[in-house]
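All residue numbers for the sequence shown refer to my numbering, where the first residue is 28 and numbers rise by one. Glycine included, every Cβ here is placed at the ideal spot set by N, Cα and C. Treat the numbers as computed from the prediction; the structure is a model and nothing was measured.
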Amino acid sequence: MSGTTVGVGEDYRGLGWAHGALTVQRLGAMLAPITFLLPGGRQVSPMHVAPWAGERGTEALPGILRRLRGDWPGVPFGYTVPMDGMPPDWAKAARPADPGEAVHGYCSNHDWQWQATDGRSLHLFVNYPMPSPVRRLERIITPDPQAPAVDVELKILVRRRCRMPIGLHPVFRLPAAPGAARLELGRFAEGRTYPGTLEPGAAIFASDTRFADLAAVPGRSGSAVDASRLPLAGDVEELLQIEGLAGTAALANQSEGYRVRLTWQKEHFPSLLLWISNRGRRQAPWNGRHVALGIEPVCSPFGLGPATAAGDNPLARAGVPTARDFELNPNFVTRYRIEAEPI
């Protein structure tokens, strides 16, 4: 492959290849934008960039929010949220945040460091401070020389044996018109709604309920909600967790005529968390304007924080892994792929 580094600034670097171009930022090692060149010369940009990116005052935000965009890893994945309104079994399982606990881990909130490469990929690493059991993360982002696709590798190195939730956090752009994109999951064993209220006034799914069809998720009003057609028409902030997928999911943007597909190693991430962010968060910097879909392979219970994930929670009791055991050797390595195609 004849890849070329096209941006060599300290905070951002880019790669161009025959089928597209991509940018990675040091903060969170977030990957976006990606422009894919489809057959016929059409260009599409499927990754999400938060609407406040570049606004004045954003440097005062938590690291993960400052320039929120695209795809990045969460190690450990999740954060503790208020447990008000949760069913008794979940409320009993919930554990408070550890001192200094960061949303989706240290890696999501701090700058990574660049490593030298041959120009065909981008390599970054971040060292965790003591006393974290995580020692270091390494991330390699490689365009496919033969296709409009990007392959990503994540390595996790630990200081000592530990147990924690992990996740990948790809976030995709949605078209403006309600229902103009279709989420394609294929067959799955079971879906679960969030056990409580993620955002007051923006919940539409019945709490802590199981479902078998993404197009008929039980709603709080008593009527089923089609969660496969996005964006939704109302102001919504919700999470759905899907079990038993084959390790692939796609978002078909019908208004722009392309499909973006995510493929991951299901043995590492047994669940898929769907973050439906649909103008439901009113506080700054969201300000009721954030519209995106997170398609997030996880080993986690709805992102409810490391202590809850590693403990005796209802999902774990049901046989769904919500945390992974990490050993000093061998190092944990996982790979996933983002690719686009015309519809």
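Backbone secondary structure at Leu349 - three-state DSSP
Here the question's residue 349 lines up with position 322 in the sequence shown. The amino acid at residue 349 is misidentified as Leu; the sequence shows Thr. If DSSP states are grouped into helix, strand and coil, Thr349 belongs with coil.
Cα-Cα, which of Pro348, Glu368 and Ala350 is closest to Glu283?
The residue you call residue 283 lines up with position 256 of the sequence shown. Comparing Cα-Cα distances from Glu283 to each of Pro348, Glu368 and Ala350, the minimum goes to Glu368.
Going by CA-CA distance only, name the one from Gln292, Gly332 and Ile269 that's closest to Trp302.
The residue given as residue 302 occupies position 275 in the sequence shown. Comparing Cα positions, the closest option is Ile269.
What residue ranges within the region 87–116 form continuous beta strand (DSSP E) runs of no fewer than 3 residues, ordered along the chain?
Runs found: none.
Under the rule that 16 or more other beta-carbon atoms within 10 Å means buried, what is Pro66, buried or exposed?
For this step, residue 66 is matched to residue 39 along the sequence shown. That one is exposed.
Can you tell me whether DSSP reads Lys119 as helix, strand or coil?
Taking the first residue of the sequence shown as position 1, residue 119 is located at position 92. Taken through DSSP and simplified to helix, strand or coil, Lys119 comes out as helix.
Run through the region 300–327 for me and flag every whole beta strand (DSSP E) of 3 or more residues, listed as ranges in chain order.
Here the runs fully enclosed are 318–326.
What does the alpha-carbon distance come out to for the pair Arg200 and Val76?
In the sequence shown, the residue the question calls residue 200 occupies position 173. In the sequence shown, the residue the question calls residue 76 occupies position 49. When the Cα atoms are used, Arg200 and Val76 turn out to be separated by approximately 8 Å.
Tell me whether the beta-carbon of Thr41 lies closer than 8 Å to the beta-carbon of Ala48.
As a working note, residue 41 is residue 14 in the sequence shown. As a working note, residue 48 is residue 21 in the sequence shown. Correcting the residue identity first, residue 41 is Gly in this sequence and not Thr. A contact, by the Cβ cut-off of 8 Å.
Would you mind sorting Phe105 into buried or exposed? The rule is 16 or more other CB atoms within 10 Å of its CB.
Looking up residue 105 in the sequence shown gives position 78. Checking the displayed sequence, the identity of residue 105 turns out to be Gly instead of Phe. By the neighbour-count rule (16 or more Cβ atoms within 10 Å), Gly105 is buried.
Where do the ends of the beta strand (DSSP E) carrying Arg200 lie?
For the purposes of this step, residue 200 is identified with residue 173 of the sequence shown, where counting begins at 1. Its beta strand (DSSP E) spans residues Val198 to Arg200.
Do Pro103 and Ile193 have their C-beta atoms within less than 8 Å of each other?
The residue labelled residue 103 in the question sits at position 76 within the sequence shown. The residue labelled residue 193 in the question sits at position 166 within the sequence shown. Yes, they are a contact pair.
Closer than 6 Å by C-beta to Leu181: which residues in its own chain qualify, once you throw out the five before and the five after it? Chain order, please.
Working through the sequence shown from its first residue, we reach residue 181 at position 154. The answer, listed in chain order, is Pro100, Arg166 and Thr361.
Using beta-carbon positions only, say whether Phe353 and Arg188 come within less than 8 Å of one another.
Locating residue 353 in the sequence shown gives position 326, counting from the first residue. Locating residue 188 in the sequence shown gives position 161, counting from the first residue. Their beta carbons are under 8 Å apart, which means Phe353 touches Arg188 by this criterion.
In this structure, what does DSSP give as the bridge partners for Trp141?
For the purposes of this step, residue 141 is taken as the residue at position 114 of the sequence shown. Answer is Leu151.
Just mark Leu355 as buried or exposed, buried being the case when its beta carbon has 16 or more other beta carbons within 10 Å.
Residue numbering aside, residue 355 sits at position 328 when the sequence shown is read from its first letter. If you draw a 10 Å sphere on the C-beta of Leu355, you find fewer than 16 other C-beta atoms in it, and that means exposed.
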